[in-house]
Amino acid sequence: MPGSRFSKRWFAAAAGFLLGGLALVISSCSSVQRTVVVPPHIPGATFVGNQACYECHTNYSHAFQGSVHFRVQADIEKLPGGTSCESCHGPGSRHAEAPRERAQFIINPRKDPKACFDCHQDVHLQFRLPSHHPVTEGILNCVQCHDPHGREIFKPAGGLGMARLNEQCSSCHKEQARTYVFEHEAMREGCVSCHQPHGSINSKLLTERDANLCLKCHAQVQSGAGEVWIGKTDHRSLLSLGSCWSAGCHTAVHGSNFQPKLLY
Amino acid sequence: MSAFPSSPPKTGFTVPLTLAACLAACLRAAAADPVLATVDVSKLPPPATRPVAFSADIQPILEKACLRCHGAEKPKAGYRLDNREDAIRGGDQGAAIVPGDSAKSPLIHFVARLVEDMEMPPTGKGEPLTADEIGILRAWIDQGAAWSEDSAQPRLSYSFTPAAQYIAVDGNEARFREHYWMRDGWGDGLSEFSLKYDMDPRTRVEIEGRTYTGTDQHRFNARVERDDLGWVRVGYQEFHRYHDDTGGYYKPYGDAAPRLDDDLVLRHRHATIELGLALPDLPVFQIAYDLHLRDGTEATLNWGALDRGGVRRAIYPGRQRVDETTHLVTLDIRYDWDGLLISDQAQFEWHEQNNLKTNYDTQGGGFDFANRINDRQDYWRGANVLRLERQLRDWLYVSGGYLYSQLKDIGGFSVESFAPNDPTVPPSLDLSTDDLTLRRRSHTANANVMLGPWEQLHFYAGLQADWSRQEGFAGGQAYGTRTAYDANIDRAATDENFGLRYSGIPYTILFAETRFQQESYSHFEEGLTDTTQAFLRDTDADGDLQDFEVGFTVSPWKQASLQAKYRRRDRSNHYDHLRDVDLFSSGNGYPAFIRSRDTLTDEFDTRWVFRPCKWLKATLRYSLAATDFETETDSVQDFAQVPPTSFSGGRLLAGQYDAHVVGAGFVLTPWSRLHFSTALTWTTSRSLSGNNNEAEVAPYQGEVWNLLNSATFVVDEKTDFIATYLFSDADYGQDNAASSLPLGIQFTRHAATAGITRKMKRGQSLRVEYGFFTYHEPSLGGAADYTAHGLFTSYRIPLP
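Here the protein sequences line up with chains A and B, keeping their order. Numbering follows my numbering, in which position 143 of the first sequence is assigned residue number 143; successive positions increment by one, without gaps. Numbering follows my numbering, in which position 395 of the second sequence is assigned residue number 1395; successive positions increment by one, without gaps.
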C-alpha cells in the first residue's frame, strides 16, 4: 500500500492555519467582543437575547448549553447568554412582540435551510453533488436528521431517537436498516461507514464505488502475489467483473435472511 | 396573591364544575379585596386629557411592554392583550380592566407598580412605563377601552403562486431527472399556496402546500388550533425519486453503456392526521396516525455480466420493484409537574413490504438467465420512551430516560432464476422460505447531568446503557435441499459522554468532548442443511470506542474569527470464536477467522472568517481526515481447494482513507444594488486497500471541484435580476481496463440560471427564469450526458 498523504506539508499547512489563529488569541485582549458570524437579517427586528427566548421556549433553555452550537458567537452586541439563539434564528424582537402569527417574524431552518448553509457552506455544496438528499429541493430539511439544539446529549431527545445508531436513517430507509437473520456487521459501525449522507459524486451516496469500499475492512494477508483471497476464496477473477456488490455476487449488502454470505 | 376582583361565576350544568367555579371565585374574592383595598390610587399618574386612539397610542405601548409575554401564543398567567375581550376578562388572576374606570383596573395598578410582586413589566423584562404612558392607558380605559376594529375582526389572508415550466433535454433525460429531482417537458401547478384565517381571537386556521407537476411534488397541510383547547392537523406529502436506468461502461467492448429502456420512478407518499389536547394546567396530549407508502421501480447497483469474446464485465443495469406500506400510531404526553418535565411517547408501527429485485447475468453472448429476488416482510414494532428532566439548582440540571422497543417480523424470501431470452425454459426456484421469523427486544436507559456555569465554565456528562436481543430463523429450500438458518445476537453496551465549555478567556471559547463506549456481542449462527453446507458459529465479541475532540473559537477583532478543532476516534473490536464448524471445508472459515479489527481516525478542521468591511465577508476552511483500518485474521487451511490452500493469517493494514478539503466563500455587496456570493470547495481524497498491488483493485483516488455562485442585482425599485451558476467536476478515473472494470467516476457538470423578479401591484410579484444545464461523464462513455434548457415562471398573488 502506498504511504499515507497525511504528510508533513499538510501538517505544515494546518499548523500555519492554527498559528495564525493563536496570534489572534494573543492580540485579542485589546479587541472588541464582536465576531463575524453574521446572523440572519429580519427587517425591522432587533436582538433581544437568549433570556427572552427562554421565556417561552423553556425546553431549550438548559439543554442548549450542551450543544455544539453553543460554541458559536455571533455579531450581536446584546449577548446576555454569551451565545444567542438569534445567531441562527435572526433578531427576535418582532417575533416576541407580535400579538399573533409570530412565526412569520423568525427564521425557521425547518422550512428553509439557508440559516444552516450560511455557516455550513461545505455541506451546502455537498447537497449540490449529483447524488444527494433533496434538501435544496425543499423535500427534506436539516432538522429531520439533526438536532441543532443539542438535546441529544440529554438522551433520549424526544421521540424514539435515543441516539441509537442509524436511527435517523432507518425512519425512511426501512428496507436497508431493518433486522436481518444475517446482518452485515458494518451496520454496527453506522450507515456513514459506506455512505455520505449529504451528497456524493457516487450513486447511492456511496463513499467509493469500487471494491476498496469493502476491502478496507475485508482485506487479509495473502499467500502470494497475483491473488486476492477473501476468506477461502480467491476473488481476483471475480473482482475483474466489477465491485463486490455490483458484480452480482454480494448483492444483499445490508443483510440477508436466507444467505449467510449475503449473496441475495 | 391576587389584586383582581373575582369574575362572575359562570353557570354550568355539572355540579362539580359549578362548585369549583364558585369556590374559586370565593377564594379569589377573599384574597383580592384586601389587596385592592391597599392600592393607593392617589399615586396613579393622572389620565391624559386628550382623546386616545388605540392604533396610534395604545398598540405601540402594548407591543413594547406587554405582548412579549401576553400575546396570543403561550400567554403568561393566561392573560392576553391581543384582543379586547381577553384584555378585559384577564387571566388566571381575574379581570384586569374595568372599562370606564381606570382607577379600579388592576392592569393600571400593576403597570404603575403599586402592587408588590406584581409590577409590570417585571424587573429585568422591560422598562417600566412612564407616567405619560400610564396616563394614556388610563385615558384609553376611561374612554371605554375601545379596540381597533381591524384587530377585532376575524382576519383572512391567503396567497397562491401559479407556476409553469418547460424543460427540453437533449441526451439522457433520466439522468437529468435524477440529478435535479424534476422531470423534463411541461409542468405546471401551484408552487405555493397558503391561507390563514383567524376565526376568533382564540381560533386559527392555517393551510399551506403546493401542487406542482414540474417536480411531481404535492404537499398539503391544514391545522386548526384553539387556545387552551388543542389542535387538529392533517397533512399529505408526495414526491418522486427518479432513477437513471443506465448501467456500467466498459470501453474495450466498444458499445455504449447498456440501459433498461424503462422509466424508473419511486413514488413516496405520506399522509398524517394529528389530534392534540392542550388544556390549561393539564398534560399536553397528542395522538397521530401516519401512513407511509413507497411504490414504483428503482435502479439497483446489482449489475449483470456481459460477455464479449470471453471477457466478462458486470455492467448491465438492475432494478427493483418496490411496494412498501407503513402504518404508524404515535401517542405523546408532556407535562410540567412543578418544574419536573415529564414526556412519554409510545409508538406502534406496522410495516408491509413486498419487493422484487431483478438481477441479470449471462454465460455467453446473451442473457442465459436472470434472478428474480422476492423479499416479503411484515413486521410489527412497539416502543415506548419516557423522559424526565429538571433544573434542580441554578447550576445543576439533570435528565434521564428509558426506552423499550420490541419487534416481531414474519416474512418470506425467494430467489428464482429464469431465462429472459427463452420463455420455453421453466423458471427454477433456487432459494425459497416462507417460514421466516425475526424478533428483537431492546432496552436503553440513560442519565445526564449538566453543571455550571461557574466562572464561565460549563460541564456536562451522560451515561447510557443498551441491551438488546435479536433472534432470527428461516426455514425453506436451497437448491432442492431442505435448509434452516438460525441466528441470534445479544448486545450490551455502555456509553459515557463528557464535555466542557469554557469562555473565561476574552473573546474565546474553548471546548472539549469525549465519548467512550464498551460493547459486547454474543453472536450465534447455525446453518442446518446438507452435509456440505452446514455450519455452526458461536462468537463472543467486544468493542471499545474512544472519541476525543478539542477545539476553540476565537474572535479577537470585529473583523475576524477563527475556529479550529481536532478529533481522534479509535475503535477496536476483538472476536473470540468459541465454536466454528463449517462442513463445507475444514471449519475456521470466513468470517470466523477474523480476530480483531481496529479503526483509527484523525480529523482536523479549521475555519477563518474575515469581515473587513460591511460589504465583504470571506470564509476560508481547511479540513483533513485520515483513517487507518487494521485487520487481524487467524491462520487458515482449506482442504476443499485443490491443491489445499494455507494462509498464515496475521495483522495487516487493510485500508487507508485520507481526504483534504479546502474551501473558500465570499459574500460581497460592493454597492447597495449588488449582492454576490460564491462558495468553492476542492476535495482530494484517496481510498486504499491492502490489495491495491493487484490490478483488479486500483486505488480510488481523485479530486472534486465544487463551485456555487449567486448574484442579485437590484435594477430598480420593482425589479431584481438574479443569476446562479453551479460547477462540479470530479476526476476519480481508473486505468485498469486491461484486467478489470474501471469504476472510478469522472464528470463535469454546469448549471446556470438567470432571471428577473418584478413586483407588481397589490403585493403581487412575477418571476421569469431561464436555466441551462449540462452534464458530461466520460467514465460512462457519454451515456449519461445531457444538455438541457428550461424556462421557469411563476406569479405570486397575495390577498387581501
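Beta carbons are placed, not taken as given, at the ideal position from N, Cα and C, and that holds for glycine. All values derive from a computational prediction rather than experimental measurement.
Closest by C-alpha distance to residue i, when choosing among the options
i                 : options                                       : result
Phe1773 (chain B) : B:Asp1117, B:Asp1184, B:Ala1112 and B:Lys1104 : B:Asp1184
Asn1691 (chain B) : B:Phe1604, B:Tyr1590 and B:Gly1655            : B:Gly1655
Glu195 (chain A)  : A:Leu206, A:Arg188, A:Gly66 and A:Glu189      : The sequence shown places His at residue 195 (chain A), not Glu. The candidate whose alpha carbon is nearest that of His195 (chain A) is A:Leu206.
Thr1072 (chain B) : B:Glu1225, B:Arg1621, B:Phe1418 and B:Arg1767 : Correcting the residue identity first, residue 1072 (chain B) is Ala in this sequence and not Thr. Cα-wise, what sits closest to Ala1072 (chain B) is B:Glu1225.
Gln1559 (chain B) : B:Tyr1507, B:Glu1549 and B:Asp1435            : B:Tyr1507
Tyr1379 (chain B) : A:Pro91, A:Arg102 and A:Tyr180                : A:Tyr180
Gln1217 (chain B) : B:Asp1200, B:Gly1230, B:Gly1189 and B:Arg1204 : B:Gly1189
Ala1048 (chain B) : B:Phe1418, B:Asp1086, B:Ala1139 and B:Tyr1158 : B:Ala1139
Thr1681 (chain B) : B:Asn1083, B:Leu1081 and B:Leu1620            : B:Leu1620
Tyr1360 (chain B) : B:Phe1413, B:Leu1407, B:Asp1344 and B:Ser1417 : B:Ser1417
Arg102 (chain A)  : A:Ala45, A:Gly199, A:Ser240 and A:Ser203      : A:Ala45
Simplified DSSP state of residue i, which is helix, strand or coil
i                 : result
Cys88 (chain A)   : helix
Tyr1397 (chain B) : strand
Gly1733 (chain B) : coil
Ala1784 (chain B) : coil
Cys1613 (chain B) : strand
Ala1560 (chain B) : strand
Glu1127 (chain B) : coil
Gly1310 (chain B) : coil
Gly66 (chain A)   : helix
Met1450 (chain B) : strand
Gln1764 (chain B) : coil
Leu1044 (chain B) : coil
Phe956 (chain B)  : Chain B is shown from 1001 up to 1800; residue 956 (chain B) falls before or after that span and cannot be answered.
Cys259 (chain A)  : Here residue 259 (chain A) turns out to be Gln, not Cys, going by the sequence shown. If DSSP states are grouped into helix, strand and coil, Gln259 (chain A) belongs with coil.
Ser1494 (chain B) : Note that residue 1494 (chain B) is Thr in the sequence shown here, rather than Ser. Correct three-state label for Thr1494 (chain B): strand.
CB contact flag (residue i, residue j, <8 angstroms)
i                 : j                 : result
Ser1561 (chain B) : Asp1598 (chain B) : no
Gly1144 (chain B) : Gln1165 (chain B) : no
Ile1088 (chain B) : Ala1077 (chain B) : no
Tyr1786 (chain B) : Phe1176 (chain B) : yes
Thr1683 (chain B) : Trp1615 (chain B) : no
Ala1698 (chain B) : Asp1658 (chain B) : no
Gly1702 (chain B) : Ala1730 (chain B) : yes
Arg1661 (chain B) : Lys1617 (chain B) : Position check: residue 1661 (chain B) holds Val in this sequence, whereas Arg was assumed. No. Outside cutoff.
Tyr1775 (chain B) : Arg1749 (chain B) : yes
Thr1215 (chain B) : Leu1264 (chain B) : no
Trp229 (chain A)  : Phe1647 (chain B) : yes
Gly242 (chain A)  : Trp1303 (chain B) : yes
Ser1596 (chain B) : Lys216 (chain A)  : no
Ser1432 (chain B) : Gly1476 (chain B) : yes
Leu1386 (chain B) : Asp1344 (chain B) : yes
Ala1163 (chain B) : Tyr1212 (chain B) : yes
Leu1356 (chain B) : Arg1321 (chain B) : yes
Closer than 7 angstroms: residue i CB and nearest the ligand GTP heavy atom
i                : result
Thr251 (chain A) : Inclusion of the ligand GTP in the displayed structure is not the case, the ligand content being empty and no account of it being possible.
>> Could you check whether the segment 202-221 of chain A touches the segment 1641-1658 of chain B, counting it as contact only if at least three pairs of C-beta atoms, one from each stretch, sit closer than 8 angstroms?
In response: yes
>> Does the structure place the segment 1167-1175 of chain B close enough to the segment 1195-1203 of chain B that three or more beta carbon pairs sit under 8 angstroms?
In response: no
>> With three or more beta-carbon pairs closer than 8 angstroms as the criterion, would you say the segment 1482-1490 of chain B touches the segment 1527-1535 of chain B?
In response: Enough Cβ pairs lie closer than 8 angstroms, so yes.
>> Beta carbons nearer than 7 angstroms to chain A: which residues of the segment 1068-1098 of chain B have them?
In response: Arg1068, Cys1069, Gly1071, Ala1072, Glu1073, Lys1074 and Asp1082
> Using Cβ-Cβ distances below 9 angstroms, what residues of the segment 1340-1374 of chain B are close to chain A?
Replying inline: Leu1341, Ser1343, Gln1345, Gln1347, His1351, Gln1353, Asn1355, Lys1357, Asn1359, Tyr1360, Asp1361, Asn1371 and Ile1373
>> Along the segment 53-69 of chain A, where does the CB come closer than 7 angstroms to a CB of chain B? Name the residues.
In response: Glu55, Cys56, His62, Gln65 and Gly66
> Which residues, in chain order, does the segment 1760-1780 of chain B contribute to contact with chain A at a C-beta distance below 7 angstroms?
Replying inline: none
> Using Cβ-Cβ distances below 9 angstroms, what residues of the segment 1040-1055 of chain B are close to chain A?
Replying inline: none
>> If the cut-off is 7 angstroms on Cβ atoms, which residues from the segment 1434-1466 of chain B count as contacting chain A, listed in chain order?
In response: Leu1436, Leu1438, Arg1440, Thr1444, Asn1446, Asn1448, Met1450, His1458, Tyr1460, Gly1462 and Gln1464
>> Does the contact criterion of 3 or more C-beta pairs under 8 angstroms hold for the segment 1703-1714 of chain B versus the segment 118-128 of chain A?
In response: yes
>> Taking beta-carbon pairs under 9 angstroms, can you tell me which members of the segment 219-243 of chain A lie near chain B?
In response: Ala219, Gln220, Val221, Gln222, Ser223, Ala225, Gly226, Glu227, Val228, Trp229, Ile230, Gly231, Lys232, Thr233, Asp234, His235, Arg236, Ser237, Leu238, Leu239, Ser240, Leu241, Gly242 and Ser243
>> Using a Cβ distance threshold of 8 angstroms, determine whether the segment 1399-1407 of chain B contacts the segment 1419-1436 of chain B, with at least three qualifying pairs required.
In response: no
> Pairing CB atoms from the segment 1486-1500 of chain B with CB atoms from the segment 1462-1475 of chain B, are three or more of them under 8 angstroms?
Replying inline: yes
>> Between the segment 1328-1344 of chain B and the segment 1279-1291 of chain B, can you find at least three pairs of beta-carbon atoms closer than 8 angstroms?
In response: yes
>> Does the structure place the segment 1385-1397 of chain B close enough to the segment 1428-1440 of chain B that three or more beta carbon pairs sit under 8 angstroms?
In response: Short answer: they don't touch.
> Quick one, which residues of the segment 1666-1693 of chain B are near chain A if we go by CB-CB under 7 angstroms, in chain order?
Replying inline: If the cut-off is 7 angstroms between Cβ atoms, the segment 1666-1693 of chain B has Ala1679, Thr1681, Arg1686, Ser1687, Leu1688, Ser1689, Gly1690, Asn1691 and Asn1692 near chain A.
> Is it a yes or a no for the segment 1786-1799 of chain B touching the segment 1758-1771 of chain B, going by three-plus beta-carbon pairs under 8 angstroms?
Replying inline: Touching, per the Cβ criterion.
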